[in-house]
Amino acid sequence: MKDGLRLVSAGIFGFVLFAVCAAPCGAQGSEAKEKPPMYSYVANWVIPRAQWGEMAKSADADKAVLDKALADGTIVGYGSDETVVHQVDDVTHDDWWSSMSMAGLLKVLDQISASGNSATPVLTSATKHFDEILVSRYYNWKPGAWKGGYGHVAQYALKKDAPDNAVELVSKQIVVPLLEKFVADGTVREYEVDEEAIHTQAPNRFWIVYVASTAEGIDTVQSALVKLVGAQPLLGPALGSMTDDMDHRDELVRSQGVYK
105 MKDGLRLVSA
115 GIFGFVLFAV
125 CAAPCGAQGS
135 EAKEKPPMYS
145 YVANWVIPRA
155 QWGEMAKSAD
165 ADKAVLDKAL
175 ADGTIVGYGS
185 DETVVHQVDD
195 VTHDDWWSSM
205 SMAGLLKVLD
215 QISASGNSAT
225 PVLTSATKHF
235 DEILVSRYYN
245 WKPGAWKGGY
255 GHVAQYALKK
265 DAPDNAVELV
275 SKQIVVPLLE
285 KFVADGTVRE
295 YEVDEEAIHT
305 QAPNRFWIVY
315 VASTAEGIDT
325 VQSALVKLVG
335 AQPLLGPALG
345 SMTDDMDHRD
355 ELVRSQGVYK
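Quick note on numbering: the sequence shown equals residues 105 to 364 in the working numbering.
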């Protein structure tokens, strides 16, 4: 699940982010390690309400191309999302696939473009469309397919005086240690900390993304965050000194996908 590819409150994740600045290094437990970059291509769509039922068919139209790319290792996962909490004129649906190389993303994009599936009636009915290419160095997933999951995305904007390694600190000290255990027990299907690889927005933005296997999983992760906040005596004002709380946004989507 990605941006467009996004119900944890701004306050909870904000407190956690502040803890990275306030707590001594290592205070959050074992530090996670950076992984090789994983790239994701995300196609975002604003589809009229009357056409929402057709979007599932549109996603199925690319399945043969995506399954072949998954089988031969060109990509490591793909899926689609439907927005649950709607905003005026904002994204209603997205399709995405992930690869360990930019070349893998573009190879699949070329194949989908050549198939003509991007010109289906439901997609041509879109009132808005935009694409993104994201990169993550902190991520994990449980192999296999899922349907009916719920994806949460929290978007943040770093302040100008935030440390250069702010995303690294957040990922290593908080996000990865917290979400790894939920991937292990199946509560979370996948998570990632994304930045833009091709900058179409301000370069200070990053996204914390996870997909819960069930709606109950959202509550489980939120409860764990609350406990983490309660266990840290140095937590200060929401978002602390690293991020601009006025630029924070959350998204909740209904998600389906598969990872190799």
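Built from N, CA and C at the ideal position, the CB exists for glycine as well.
TODO: Per DSSP, which residues does Gly-255 bridge with? Please list them.
DONE: By one-based count along the sequence shown, residue 255 stands at place 151. In DSSP, Gly-255 forms a bridge with Val-315 and Val-357.
- [ ] Name the one or two DSSP bridge partners that Glu-186 has.
- [x] As a position in the sequence shown, residue 186 is number 82, starting the count at 1. Residue pairing by DSSP places Glu-186 opposite His-197 and Arg-358 in a beta bridge.
- [ ] Just the C-alpha distance for Val-146 and Val-292, rounded to the nearest angstrom, thanks.
- [x] To locate residue 146, count along the sequence shown from 1; it is residue 42. To locate residue 292, count along the sequence shown from 1; it is residue 188. Inter-residue distance for Val-146 and Val-292 is about 20 Å (C-alpha atoms, whole angstroms).
Open item on the list: For Lys-144, report the span of its beta strand (DSSP E) as first-last.
Closed with: As a first step, residue 144 is located in the sequence shown; it is residue number 40 there, counting from the start. For the record, residue 144 in the displayed sequence is Ser; it is not Lys. From DSSP, the beta strand (DSSP E) with Ser-144 extends over 142 to 150.
- [ ] May I ask you to report which of helix, strand or coil DSSP gives Asp-366?
- [x] With the chain represented from 105 up to 364, any question about residue 366 goes unanswered, as that position is not in the structure.
Open item on the list: DSSP three-state label for Phe-122, please.
Closed with: As a first step, residue 122 must be located in the sequence shown, where it is residue number 18. Any answer about Phe-122 is weak, because its pLDDT of 43 lies below 50 and its placement is not dependable; what the coordinates show is given next. Under the three-state reduction of DSSP output, Phe-122 falls in the helix class.
Task: Start-to-end residues for the alpha helix (DSSP H) that takes in Val-287 - done: Position 183 of the sequence shown, counting from 1, holds the residue named residue 287. Per DSSP, Val-287 belongs to the alpha helix (DSSP H) from 280 to 288.
TODO: Work out the CA separation of Glu-272 and Asn-221 for me, nearest whole Å.
DONE: Working through the sequence shown from its first residue, we reach residue 221 at position 117. Working through the sequence shown from its first residue, we reach residue 272 at position 168. So the alpha carbons of these two residues sit roughly 38 Å apart.
- [ ] Take Asn-148 as the anchor and find which of Asp-185, Ala-136, Asp-176 and Ala-306 has the nearest alpha-carbon.
- [x] Counted from its first residue, the sequence shown places residue 148 at position 44. Of Asp-185, Ala-136, Asp-176 and Ala-306, the residue nearest in Cα terms is Asp-185.
Task: Nearest to Ala-154 (by Cα), restricted to the options Leu-332, Val-189 and Thr-231 - done: Sequence index remark: in the sequence shown, residue 154 carries index 50 (1-based). That would be Thr-231, whose Cα lies nearest to the Cα of Ala-154.
Open item on the list: Using 8 Å as the threshold, is the C-beta distance between Val-279 and Tyr-242 below it?
Closed with: Counting from 1 along the sequence shown, the entry for residue 279 is found at position 175. Counting from 1 along the sequence shown, the entry for residue 242 is found at position 138. Yes; because the gap between Cβ atoms is below 8 Å, this pair is in contact.
Task: Cβ neighbours of Ser-394 in the same chain (closer than 6 Å, five flanking residues each side left out) - done: The question about residue 394 has no answer here: the residues shown for the chain are numbered 105 through 364.
- [ ] Would you tell me roughly how many angstroms separate the C-alpha atoms of Thr-178 and Glu-236, rounded to the nearest one?
- [x] As a position in the sequence shown, residue 178 is number 74, starting the count at 1. As a position in the sequence shown, residue 236 is number 132, starting the count at 1. Taking the straight line from one Cα to the other gives about 19 Å.
Task: Enclosing alpha helix (DSSP H) for Glu-296 [first to last residue] - done: Locating residue 296 in the sequence shown gives position 192, where the first residue counts as 1. Where Glu-296 is concerned, there is no enclosing alpha helix (DSSP H), although the beta strand (DSSP E) it sits in stretches over 292 to 300.
Open item on the list: Suppose contacts are defined by Cβ-Cβ distances below 8 Å. Is Val-212 in contact with Trp-200 by that definition?
Closed with: Position 108 of the sequence shown, counted from the start, is the residue given in the question as residue 212. Position 96 of the sequence shown, counted from the start, is the residue given in the question as residue 200. In this structure, Val-212 sits away from Trp-200, with a CB-CB distance that is not shorter than 8 Å.
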